[in-house]
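To convert, note that position 24 of the sequence shown is 396 in this note's numbering; the numbers rise steadily by one, no gaps.
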Amino acid sequence: LRVDGHTDKVPFTSTGRYRDNWELSQGRALSVVKYLVVKENVPPARLAATGFGEFQQIDVGDTPEALAKNRRIEFKFTER
373 LRVDGHTDKV PFTSTGRYRD NWELSQGRAL SVVKYLVVKE NVPPARLAAT
423 GFGEFQQIDV GDTPEALAKN RRIEFKFTER
């Protein structure tokens, strides 16, 4: 199972844990993977965390609703 993290296109400006949207999306995906391993006992070898930043938008608009659609986690079933 591949866990994909995505962000909106608003430039990331925090001085905290992540430097940009790409790192934020990776962090989100990794948080989900860790949850699945720790809380749901999913074997780690069956999981992968991937961050795509703002580069795979599903809505290119600038409305709050469009931006919210792009801040997401997707689950992708992959073959071995």
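Every residue gets a Cβ at the ideal spot worked out from N, C-alpha and C, and that includes glycine.
Evaluate residue i with the Cβ neighbour count: other Cβ atoms within 10 Å of its Cβ, from every protein chain shown; 16 or more gives buried, anything less gives exposed.
i: E426; result: buried
i: A421; result: buried
i: A401; result: buried
i: G423; result: buried
i: T435; result: exposed
Assuming residue i is part of the beta strand (DSSP E), what are its boundary residues?
i: V375; result: R374 to H378
In the structure shown, what three-state DSSP assignment does residue i receive?
i: R418; result: helix
i: E451; result: coil
i: R400; result: helix
Spatial neighbours of residue i within its chain, please: C-beta separation below 7 Å, excluding the five flanking residues on both sides.
i: F449; result: L373
For the alpha helix (DSSP H) that contains residue i, what are its first and last residues?
i: P383; result: Per DSSP, P383 belongs to no alpha helix (DSSP H) and is neither H nor E.
i: N442; result: P436 to N442
The ligand PLP heavy atoms versus the CB of residue i: any closer than 7 Å?
i: D434; result: Only the bare structure without any ligand can be found here, which leaves the ligand PLP out of the picture.
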